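When we follow the numbering used here, the leftmost residue of the sequence shown carries the number 13, and every step to the right adds one.
Below: one structure, written as structure tokens.
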Amino acid sequence: MIKEKRNSMHLTQEQMSEKLGISLRQYVRIDNEKAFPRRDILKKLIDELGLTNEEIGAYIKILTENIA
């Protein structure tokens, strides 16, 4: 979901990691829904991608299912 939104904005993983102030490796794990971002990073991610409340809820549900 995050990957699709990022791609629709024509941003690379490297560009997003720089915008979020995290390593590329850490961002790739977030992008692939393998890691739950810290609260501050999640806030930046929401702002950068312009996620709606519905998208945020769906993303958190996906992460909970994938990581649990």
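Glycine included, each C-beta is placed from N, C-alpha and C at the ideal position.
Here the structure is a predicted model, which is why all the values come from computation and not from measurement.
Between the beta-carbon of residue i and the beta-carbon of residue j, is there less than 9 Å?
i     : j     : result
LYS31 : LEU63 : no
GLU45 : LEU23 : no
GLU60 : MET28 : yes
With a 10 Å radius around its C-beta and 16 neighbouring C-beta atoms as the bar for buried, classify residue i as buried or exposed.
i     : result
SER42 : Here the sequence assigns Ile to residue 42, which means Ser is not the residue at that position. Burial call: buried.
ILE34 : buried
MET21 : exposed
Over what stretch of residues does the alpha helix (DSSP H) that includes residue i continue unbroken?
i     : result
LYS46 : First-last for LYS46: undefined, no H or E at that position.
LEU75 : 65-79
ILE34 : No alpha helix (DSSP H) holds ILE34; DSSP gives it neither H nor E.
Keeping to the same chain, check which residues put their C-beta closer than 6 Å to that of residue i; ignore five residues upstream and five downstream.
i     : result
LYS15 : ASP43
ALA47 : ARG41
Below 8 Å CB to CB, which residues in the same chain sit around residue i once its five sequence neighbours on both sides are set aside?
i     : result
GLN38 : SER29, ALA47
Less than 7 Å between C-beta atoms, sequence neighbours within five positions excluded: which residues of the same chain meet that for residue i?
i     : result
ALA70 : MET13
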